[in-house]
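If you count the sequence shown from 1, position 172 lands on 172 in full-length UniProt numbering, and the numbers rise without skipping. Report on one structure; see the data block that follows.
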Amino acid sequence: MRINVSHLTRRLTRQLLNVCDQDTRHAQRELHWMLSHVAATSKSSKTTESLTFHDAQRLTDMVKDRVEHHKPLQYILGSQPFCDLDIVTRPPTLIPRWETEEWVYRLLEHLKQHHGKRRILDLCTGSGCIALALARHLPQGTADIHAVDFSPSALSLARLNAELLTPQLANAVNIEKMDVLNANDFKLGGASFDLIVSNPPYVTHAEYAELTPDVKEWEDRAALVADNEGMAFHLHIANVIGKNNVLSNTHNWPRLVMEIGGTHQVSEITKALHANGLSRVEVWKDLAGKDRAIAAG
């Protein structure tokens with residue numbers, strides 16, 4: 001028995017309006033991605049024009065998860081595109097965001113201006129998306145990349161992504177456990193790094209209280225929220241770099257890039273970077289015009 005998709009999609013689109021800000025086009029896009037996923041993973045439904053009863057039920061259950069349980073679309077689909085890679089997504093590990101993808105592409109443009117091999121460290125790697133994007137896009141054999149996290153679920157997912165994406169990577173990524181906020185030194189193997197990147201927790205406690213259920217009920221709070229007005233990780237990273245010569249003396253810029261939560265954090269983080277020997281500091285905005293990352297060297 002096959003189900004005509006037309007009537008089903010109209011009904012499911014109406015249901016999705018509740019989690020798509022009553023925006024019909026938004027709801028239609030989400031349903032299209034779910035429908036395409038069902039068709040692509042089905043043993044029987046090779047087209048989105050009609051579905052078997054079983055696949056129609058799969059689609060209906062996806063929409064139910066989205067609407068009733070506020071499950072993020074990326075967790076429903078099981079992946080998220082990021083810098084030409086398909087990153088596997090699983091709760092509660094943080095879902096890669098387009099804002100992060102923007103500054104990673106900008107960083108890559110800077111890195112491609114300089115030749116030679118680099119030792120790179122990704123702090124708070126989560127799904128591994130930043131480290132893997134650098135491994136994918138930097139010329140083959142020019143990067144020795146290390147990625148660290150403290151969460152067992154994040155480490156497991158990052159390692160899975162590294163394994164699945166190995167054929168697409170031009171450089172290897174080593175994934176290791178580290179409690180960044182409580183580490184007194186970031187050197188792995190005793191050597192300094194030419195570049196440190198990080199998308200650390202930066203949401204304030206007050207901001208977290210206002211987040212939507214699809215974030216609060218699914219993504220790891222520890223990967224989102226930080227003390228000291230969301231700057232605890234940034235300030236700690238700056239201090240460790242200053243005290244332990246974690247960064248090499250290369251003249252390439254930037255040597256450190258960290259994602260931030262907005263303009264309210266820029267002044268304090270900049271002061272900490274200056275105090276720890278990073279004299280050149282820039283703020284990178286995202287496409288929405290919001291202060292999104294701090295680059296320093």
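Positions of the beta carbon are idealized from the N, C-alpha and C atoms, including for glycine.
Tell me, to the nearest whole angstrom, how far the beta carbon of residue i is from that of residue j; I am working on the premise that it is less than 8 Å.
i, j, result
"A143", "R159", "Not confirmed; about 18 Å, so no contact."
"K187", "V257", "That belief does not hold up - the Cβ atoms of K187 and V257 are roughly 19 Å apart, past 8 Å."
"L134", "I120", "6 Å"
"I3", "A40", "At roughly 17 Å, the Cβ-Cβ gap does not stay under 8 Å, so I3 and A40 are not in contact."
"P96", "Q80", "5 Å"
"L123", "I237", "7 Å"
"N171", "H146", "The pair is not a contact, with the Cβ atoms about 11 Å apart (cut-off 8 Å)."
"D179", "F150", "4 Å"
Quick one, which of the options has its alpha-carbon nearest residue i's?
i, options, result
"E282", "A275, L132, A288, R292", "R292"
"G128", "L169, R106, P139", "L169"
"Q15", "A40, T263, R66, I145", "R66"
"H115", "L132, R97, G141", "G141"
"G289", "W33, W103, T9, K64", "W103"
"E101", "A147, L73, H137", "H137"
"D286", "E99, T204, L273", "E99"
"L234", "P200, E68, A222", "Correcting the residue type first, residue 234 is His in the shown sequence and not Leu. Closest option to H234, Cα to Cα, is P200."
"C83", "L132, T204, R221, W253", "L132"
"L85", "Q28, Y105, R11", "Y105"
"V148", "T13, A183, L164", "A183"
"S153", "C20, T89, H274, L73", "T89"
"W253", "D23, A206, I294", "I294"
What does the alpha-carbon distance come out to for the pair residue i and residue j?
i, j, result
"G277", "G242", "6 Å"
"E219", "E109", "30 Å"
"A296", "R255", "6 Å"
"G262", "L181", "20 Å"
"K112", "G190", "26 Å"
"H251", "S6", "60 Å"
"T270", "E49", "54 Å"
"Y202", "A226", "5 Å"
"A232", "R11", "46 Å"
"R221", "S267", "25 Å"
"F273", "D21", "Phe is not the amino acid found at residue 273; the sequence shown has Leu there. Approximately 40 Å, taken between the alpha carbons."
"K64", "L73", "11 Å"
"Q28", "A275", "50 Å"
"S44", "H54", "9 Å"
"A206", "K216", "13 Å"
"H26", "L164", "30 Å"
"N61", "E68", "Note on identity: in this sequence residue 61 is Asp, with Asn being the wrong assignment. So the two alpha carbons sit approximately 10 Å from each other."
"L17", "T24", "6 Å"
"V19", "N244", "47 Å"
"S42", "G78", "15 Å"
"P139", "W284", "24 Å"
Does the Cβ-Cβ distance between residue i and residue j come in under 8 Å?
i, j, result
"L195", "Y208", "no"
"L59", "M34", "yes"
"L157", "K177", "no"
"T93", "G126", "yes"
"Q265", "E229", "yes"
"H37", "P213", "no"
"I87", "N161", "yes"
"S248", "F193", "yes"
"I130", "V197", "yes"
"L31", "T52", "no"
Under 7 Å: does the beta carbon of residue i sit that close to some heavy atom of the ligand NAD?
i, result
"M178", "This structure lacks the ligand NAD; in fact it carries no ligand of any kind."
Under 8 Å, Cβ to Cβ, is there at least one residue of chain D near residue i?
i, result
"L157", "Looking at the structure shown, chain D is missing, and only one protein chain is on hand."
Every unbroken beta strand (DSSP E) within the segment 8-79, with a cutoff of 3 residues, ordered by chain: 50-52
Unbroken beta strand (DSSP E) runs of length 3 or more, entirely within the UniProt domain "Methyltransferase small" (107-207): which are they? Runs found: 118-123, 143-149, 173-177, 195-198.
Any beta strand (DSSP E) of 3 or more consecutive residues that is wholly inside the segment 213-287: 256-259, 281-285
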